[in-house]
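Undergrad: To start, I am sharing the structure in question, which I have written as structure tokens.
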Amino acid sequence: MKRALSPAVAAMTLALGAPAAMAATQIGEHVAVSGFGTIGAMVTDNDGAQYRSDLRQSRGADKSADFGVDSRLGLQANVKFNDTFSAVGQLLTSRRQSDRPVVEWLYGQANLPAGFSLQLGRMVLPTFMVSDSRSVGYAAHWLRAPQEVYALYPASAFDGGQLQYKATLGPVNLTAQLAAGKTKSDISLLGTAVTIDFEKLRSANLLLETGNWLLRLGQTQAPGVKISGFGLPPLDDKFTGVGVQYDNGTLLVMGEYTMRRQSAPAPFDSNSWYLSSGWRFGVWMPYATVSRLTPKGSRSGLVPADKVSAIGLRWDAMRNVAIKAQYQKIDAAAGASYVNVSPAFAAERPTVNALSVAVDFVF
Amino acid sequence: MKLHAFAAGLALALGSLGAAAAGIAVIGHPGAAAMSKEQIADVYLGKSQAATPLDQPESAPIRADFYTKATSRDLAQVKATWSRLTFSGKGQPPKELPDAAAVKKAVAADPKAIGYIDKAAVDASVKVLLSLD
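Same order as they appear, the protein sequences are chains X and P.
Quick note, the first sequence lines up with residues 1 to 363 if you use our numbering.
Quick note, the second sequence lines up with residues 1001 to 1133 if you use our numbering.
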């Protein structure tokens, strides 16, 4: 319990200690330090399994309230050396296999002519539409990204390089990214500690923004992914995603569809999607999300079907602070969503109701 | 009771009308080209790097008024948008200057900078790129 609380307590201490008026803090002319965090609590109506928000978490929420599923704290420093060279570092504390803070990002960027830029180091793995800000609760309307889609990629950062191109074509703002590198992830799957080694990763992404619309297409490929613990051969992994978002300031509608295809025996092949919508009434934003994961291919049972409906409310309570509550009806089995599953729960696969509350802040 | 509420509502409506009547000017360097509302919104929401946006302090009423008119978003939504960009390393929010005079001075000195000030404060040192009424 004490271990579970530590990120939450750290976040809370920092949030309370920081003056409410604090925004990104400029240190001298070249360095900006900013941070984000979430203090969250979650409870379900079933003790047979623990719900988690990340494959890297080896415990989660059941009938006793859990503070570690969503709580996290991030600190970021942006250093601008000149108009060409800059660097970004981000430290993140959240519940993963270890509760120690990790260097989530640390990269240098060079702005090249004609809208190109080059990044080298550790940076976000652009597998989803909101991969880049998944940990930043304050930036999102929902309490947490739908796990049926967002839990599918066990890594959130990679080490390597990325070439980015930005251009404005009439009313359309275009961003294209090509990335290559490697990453490794320690996860917990079906009661087993598993290491997934993406020795070679390459990813292509295209983002088109016009007016209130955003369209995102992306594919991440990893040949010969090594997965420990299940006696699987190295798998060629291909993960494709399409996302659309509409936000006119009052109405928000967004959805993503992702497909995973692997080489034989393709135990993790799946299709998944979510659709989420919210309406802003001043500082209040009620929202609803439906999400679904459908196994494809050999159906070895490693990725069982999940179906989740959620309703929630975001309240912009004060400057830089949002308070959220979310209720979920979860129809899922062991796999991505649950950890520490009892045999009875695995056999019965009951529908679970879950309630989460969170305070998101930025400073 | 009902009358009171009505009167308060009317006063509020007239008050906001009064504020709106003053109008906001989006200003740029004298050599800059005019911009559309969509282009201004893209720059201030971090979607476009076509110009360098400047902000007035959060305590200044013109800031909320500007974002409502230019982007249809309130300050909390704008903050959420920028926190997404900041914490993905994709950009830093507009630089905040202490007042309209400082915005005007910065815009006059930088061909890429844009800002917003009360129309009444516009002078020959800057160019009005767009009027928001």
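Here a beta-carbon is modelled for each residue, glycine too, at the ideal position from N, C-alpha and C.
Out of X:GLY255, X:ALA322, X:ALA264, X:GLN245, which has the shortest C-alpha to C-alpha gap to X:GLY282?
TA: That would be X:ALA322, whose Cα lies nearest to the Cα of X:GLY282.
Undergrad: Output the boundary residues of the alpha helix (DSSP H) element that contains P:THR1071.
TA: Run containing P:THR1071: 1061-1071, per the alpha helix (DSSP H) assignment.
Undergrad: Among all the DSSP beta bridges, which residues are the ones paired with X:LEU232?
TA: In the DSSP output, where bridge partners are listed per residue, X:LEU232 has none listed.
Undergrad: Starting from X:GLU256, follow its DSSP beta bridges and name the residues at the other end.
TA: The partner list for X:GLU256 (beta bridge, DSSP) reads X:GLY243, X:TYR274.
Undergrad: Does DSSP put P:SER1125 in a helix, a strand or coil?
TA: DSSP places P:SER1125 in coil when its eight states are reduced to three.
Undergrad: Using only the alpha-carbon positions, how far apart do P:ILE1114 and P:SER1059 sit?
TA: Distance between the alpha carbons of P:ILE1114 and P:SER1059 is about 20 angstroms.
Undergrad: Go ahead and pull the three-state DSSP assignment for X:VAL69.
TA: X:VAL69 falls in the coil class under three-state DSSP.
Undergrad: For X:ASP306 and X:ALA332, which I take to be in contact (beta-carbon distance under 8 angstroms), what is that distance rounded to the nearest angstrom?
TA: Confirmed, Cβ separation roughly 4 angstroms.
Undergrad: Going by the DSSP bridge assignment, what does X:THR123 pair with across the sheet?
TA: The sequence given here places Met at residue 123 of chain X; Thr does not occur at that position. X:MET123 pairs with X:PHE158.
Undergrad: Measure the C-alpha to C-alpha separation of P:SER1036 and X:TRP279 and round it to an integer number of angstroms.
TA: Rounded to the nearest angstrom, the two C-alpha atoms are 27 angstroms apart.
Undergrad: Residues in its own chain within less than 6 angstroms of P:GLY1091 by CB, not counting five upstream and five downstream?
TA: Excluding positions up to five away in sequence, the list reads GLY1046, LEU1085.
Undergrad: Nearest by alpha-carbon distance to X:GLY229: which of X:ASP99, X:LEU189, X:GLN245 is it?
TA: Ranking the options by Cα distance to X:GLY229, first place goes to X:LEU189.
Undergrad: For X:MET285, which residues does DSSP report across the bridge?
TA: X:MET285 pairs with X:ARG314.
Undergrad: Rounded to the nearest angstrom, what separates P:LYS1127 and X:THR183 at their Cα positions?
TA: When rounded, the distance between both Cα atoms is 50 angstroms.
Undergrad: Straight-line CA distance for X:GLY48 to X:SER342?
TA: Answer to the nearest angstrom: the Cα atoms are 5 angstroms apart.
Undergrad: Which of the three DSSP states, helix, strand or coil, is assigned to X:GLY137?
TA: Here X:GLY137 sits in helix by DSSP.
Undergrad: For P:ASP1108, is the classification buried or exposed, using 16 other Cβ atoms within 10 angstroms of its Cβ as the cut-off for buried?
TA: Reading the sequence as shown, one finds Ala at residue 1108 of chain P and not Asp. By the 10 Å Cβ count, P:ALA1108 comes out buried.
Undergrad: If X:ASN271 and X:MET254 are in contact, beta carbons under 8 angstroms, what's the gap, nearest whole angstrom?
TA: X:ASN271 to X:MET254, Cβ: 18 angstroms. No contact.
Undergrad: By the criterion of Cβ-Cβ separation under 7 angstroms, what are the contact partners of X:ASP316 in chain P?
TA: Neighbours of X:ASP316 on chain P, chain order: ALA1076.
Undergrad: Run through DSSP, which three-state label would X:ALA266 get?
TA: Note: X:ALA266 maps to coil in three-state DSSP.
Undergrad: Would a check of beta-carbon distances place P:GLY1028 closer than 8 angstroms to chain X?
TA: Taking Cβ atoms only, chain X never reaches closer than 8 angstroms to P:GLY1028, which makes this a no.
Undergrad: Where are the beta strand (DSSP E) runs, 3 residues long or more, that stay fully inside the stretch 67-122 of chain X, in chain order?
TA: For the stretch 67-122 of chain X, whole beta strand (DSSP E) runs of length 3 or above, ordered along the chain, are 72-80, 85-94, 102-111.
Undergrad: Name, going along the chain, the residues of the stretch 28-39 of chain X whose beta-carbon falls closer than 8 angstroms to a beta-carbon of chain P.
TA: Taking 8 angstroms as the Cβ-Cβ cut-off against chain P, the residues of the stretch 28-39 of chain X that qualify are ALA32, SER34, PHE36.
Undergrad: So X:TYR138 contacts chain P; which residues on that side make the cut at Cβ distance below 7 angstroms?
TA: The contacting residues are ALA1080, SER1083.
Undergrad: Tell me, please, whether the CB atom of P:ASP1118 is closer than 8 angstroms to any CB atom in chain X?
TA: It does not; no Cβ of chain X falls within 8 angstroms.
Undergrad: Of all the CB atoms in chain X, is at least one closer than 8 angstroms to the CB of P:ASP1042?
TA: At least one chain X Cβ lies under 8 angstroms of P:ASP1042.
Undergrad: List the whole-angstrom C-beta distance separating P:VAL1103 from P:GLN1056, where the pair is believed to meet the contact cut-off of C-beta under 8 angstroms.
TA: Contact flag correct, Cβ pair sits at about 6 angstroms.
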